[in-house]
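The opening position of the sequence shown corresponds to residue 1067 in our numbering, with each subsequent residue numbered one higher. Note that the Cβ used here is the ideal one computed from N, Cα and C, for glycine as well. Read the structure below first, then the notes.
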Amino acid sequence: MLKISRRLMLGGLVCCCAFSNADEPYRSKEDSAIHVPTPRDVVDRMLALARVTKQDMLVDLGCGDGRVVVAAAKRYGCHAEGFEIDARKVAESRENVKTAGTEKLVRITQKDIFDVDLRKATVVTLYLLPEMNEKLIPQLRQMPDNARIVCHDFPIEGIKVTQTESMKSVDDGGPHTIYLYRLPLQDK
């Protein structure tokens, strides 16, 4: 039932995107993903739940406007890299990195998320559809032991969750669920 509700919600988002402005969700011409920014208070909670430290290498797959990598660098002082296929979002992310003064810690790369090498990542953040999360499993399994994966609203189907946390966002007023996974990943 929950899966159906989420899919209906995303279907509604697709319809709404035709009437949105630049700060709201939109569908890129370069990829098939819908860009829906994670509320900033949810970003903060995701990073806290993952227990990000200065020693971490954080990777955000489908980084959108770069808010996760910028927040990680500013708050925790860690190195972070965001991957995004959409050229417009890459430019926006790079500008946000520059504005935040995090250029020495953050890199934004235009690349298909399914081609990213995650062997050195100690934290990966995801806000992707369940089908995309599932397709990433082989890449995620390459991460080192004790690395963490944090998913916003959509779990990685077929993988045992380490911790789940629900919250109501002050920023958007909506309910959100955060899923934490720790490597090595365990099948359900």
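How is residue i classed by DSSP in three states: helix, strand or coil?
| i | result |
| --- | --- |
| Thr-1209 | Residue identity differs from the one stated: residue 1209 is Met in this sequence, not Thr. The answer is coil: DSSP assigns Met-1209 none of H, G, I, E or B. |
| Val-1216 | strand |
| Glu-1150 | strand |
| Arg-1059 | Examination of residue 1059 is not possible in this model, given that the chain is present from 1067 through 1254 alone. |
| Asp-1126 | strand |
| Arg-1106 | helix |
| Lys-1155 | helix |
| Asp-1238 | coil |
Measuring alpha carbon to alpha carbon, tell me which of the options ends up nearest residue i.
| i | options | result |
| --- | --- | --- |
| Glu-1150 | Val-1216, Ala-1213, Asp-1107 and His-1101 | His-1101 |
| Val-1172 | Asp-1253, Ala-1139 and His-1242 | Ala-1139 |
| Ala-1146 | Ile-1203, Asp-1152 and Lys-1120 | Lys-1120 |
| Val-1135 | Gly-1148, Glu-1200, Asp-1110 and Thr-1188 | Gly-1148 |
| Thr-1165 | Thr-1188, Tyr-1142, Ala-1137 and Met-1123 | Ala-1137 |
| Met-1112 | Cys-1217, Pro-1241 and Lys-1254 | Cys-1217 |
| Ala-1187 | Asp-1107, Tyr-1142, Lys-1177 and Met-1123 | Met-1123 |
| Arg-1133 | Glu-1161, Phe-1220, Pro-1204 and Pro-1221 | Glu-1161 |
| Lys-1177 | Val-1125, Ile-1215, Ile-1244 and Asn-1212 | Val-1125 |
| Gly-1130 | Glu-1197, Gly-1224 and Thr-1175 | Thr-1175 |
| Pro-1210 | Met-1198, Lys-1201 and Arg-1248 | Arg-1248 |
| Ile-1222 | Pro-1241, Gly-1240, Glu-1197 and Asp-1110 | Glu-1197 |
Beta strand (DSSP E) containing residue i: first to last residue?
| i | result |
| --- | --- |
| Val-1227 | Looking at the DSSP string, Val-1227 is not in any beta strand (DSSP E), and its letter there is neither H nor E. |
| Pro-1196 | That residue, Pro-1196, is in no beta strand (DSSP E); its alpha helix (DSSP H) goes 1196–1201. |
| Thr-1175 | 1172–1176 |
| Tyr-1247 | 1241–1248 |
| Val-1189 | 1189–1192 |
For residue i, report the span of its alpha helix (DSSP H) as first-last.
| i | result |
| --- | --- |
| Tyr-1142 | 1133–1142 |
Could you check how far apart the C-beta atoms of residue i and residue j are, in whole angstroms? I think they sit under 8 Å.
| i | j | result |
| --- | --- | --- |
| Arg-1207 | Leu-1251 | 6 Å |
| Asp-1238 | Pro-1105 | 5 Å |
Quiz item: Do the stretch 1190–1205 and the stretch 1226–1237 touch if we need at least three Cβ pairs shorter than 8 Å?
Solution: no
Quiz item: Do the stretch 1181–1189 and the stretch 1151–1171 meet, that is, are 3 or more Cβ pairs less than 8 Å apart?
Solution: no
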